[in-house]
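Here is the structure we will look at.
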Amino acid sequence: EAQVTQNPRYLITVTGKKLTVTCSQNMNHEYMSWYRQDPGLGLRQIYYSMNVEVTDKGDVPEGYKVSRKEKRNFPLILESPSPNQTSLYFCASCSGGGANTGELFFGEGSRLTVL
Amino acid sequence: AQTVTQSQPEMSVQEAETVTLSCTYDTSENNYYLFWYKQPPSRQMILVIRQEAYKQQNATENRFSVNFQKAAKSFSLKISDSQLGDTAMYFCAFRRRNAGNMLTFGGGTRLMVKP
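These protein sequences, in sequence, are chains V and G.
Each residue of the first sequence is one higher than the one before, counting from 1 in the working numbering.
Each residue of the second sequence is one higher than the one before, counting from 1001 in the working numbering.
In structure tokens:
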């Protein structure tokens, strides 16, 4: 089954404690990205990657890091989480090049609370 | 930079009735894609419909159709014969033609279908 898998789905942590949200896709997609969803603001892109070892900032990258060492994985790292990073996070992937129809395939979301 | 605006934070409709969700966007681009995504209570993001800006014909997917007005930069979603399963958050999104996985989302409209 084609899917994007995120872990953990739910996490409560404290300010300053480093955490990583993993994302893996099994569709051999070139493009992967991270979004955060906040009430009234919709989804905003944090970081994106267009291929292995190629990453770039989205609209709200402050406080986050990413890496793309393998095509299927795109972890999101919060080095020192703060309460304003409490949010619902989505990983998404899509095909690159001519196969790119613009449709994103989303993970099931990770609800993060930073106390 | 592109912006997407959904002016209706919440809407409700009676089962079997028709409802229209509004979306406007601002861009200087001529080639782009527009999307409507549905997010039910399960949080999963599901693509409802896609429109390519160079196509004049409005996209249709079963009970879902759009009214795409390129000059007015308007992209509304019409849901016919509303069903209880249509209850969800709906997000309008914009993507430049060669922008990979970089979507800009609106703030969302919460739709409640009442029995």
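Yeah, the Cβ is synthetic: ideal placement off N, Cα and C, and Gly gets one too.
To the nearest angstrom, how far is the alpha carbon of residue i from that of residue j?
i	j	result
V:P81	V:K18	7 angstroms
G:L1021	G:A1088	12 angstroms
V:T15	V:V114	6 angstroms
G:K1038	G:I1046	5 angstroms
V:I77	V:V21	6 angstroms
G:Y1025	V:Y10	33 angstroms
V:Q85	V:L104	23 angstroms
V:C23	V:R36	14 angstroms
G:P1040	G:N1030	32 angstroms
G:I1028	G:R1096	According to the sequence shown, residue 1028 of chain G is Ser rather than Ile. So the two alpha carbons sit approximately 10 angstroms from each other.
With residue i as the anchor, note down where its beta strand (DSSP E) starts and where it stops.
i	result
V:L112	S110 to V114
G:L1077	S1074 to I1079
G:E1010	E1010 to Q1014
V:Y31	Y31 to D38
G:Q1069	F1064 to Q1069
V:K69	Element bounds for V:K69: n/a, residue is neither H nor E.
G:L1103	That residue, G:L1103, is in no beta strand (DSSP E); it is neither H nor E in DSSP.
V:V42	Correcting the residue type first, residue 42 of chain V is Gly in the shown sequence and not Val. Start and end: G42 to N51.
G:A1093	A1088 to R1096
V:N7	V4 to N7
Could you tell me how far apart the beta carbons of residue i and residue j are, in whole angstroms, since I believe they sit closer than 8 angstroms?
i	j	result
G:C1023	G:F1075	5 angstroms
V:N7	V:K71	Rounded, the Cβ-Cβ distance is 18 angstroms, inconsistent with contact.
V:V66	V:W34	7 angstroms
For residue i, go through chain C and note every residue whose CB falls closer than 9 angstroms to its CB, in chain order.
i	result
G:L1077	The structure shown contains no chain C; its protein chains are V and G.
Quick one: is residue i buried, meaning 16 or more other Cβ sit within 10 Å of its Cβ, or exposed?
i	result
V:G58	buried
G:Q1051	buried
V:T101	exposed
V:I46	buried
G:G1108	buried
G:V1004	buried
Excluding the 5 residues preceding and the 5 following residue i in the sequence, name in chain order all residues of the same chain whose CB lies nearer than 8 angstroms to its CB.
i	result
G:N1058	Q1051, S1065, V1066, N1067 and F1068
Less than 6 angstroms between C-beta atoms, sequence neighbours within five positions excluded: which residues of the same chain meet that for residue i?
i	result
G:K1078	T1020 and S1065
V:N73	S24
Got a sec? Which residues, its chain only, sit under 7 angstroms from residue i by beta carbon, not counting five neighbours each side?
i	result
G:A1016	D1081 and S1082
G:R1063	I1079, S1080 and D1081
G:V1113	V1013, E1015, S1082, Q1083, L1084, D1086 and T1087
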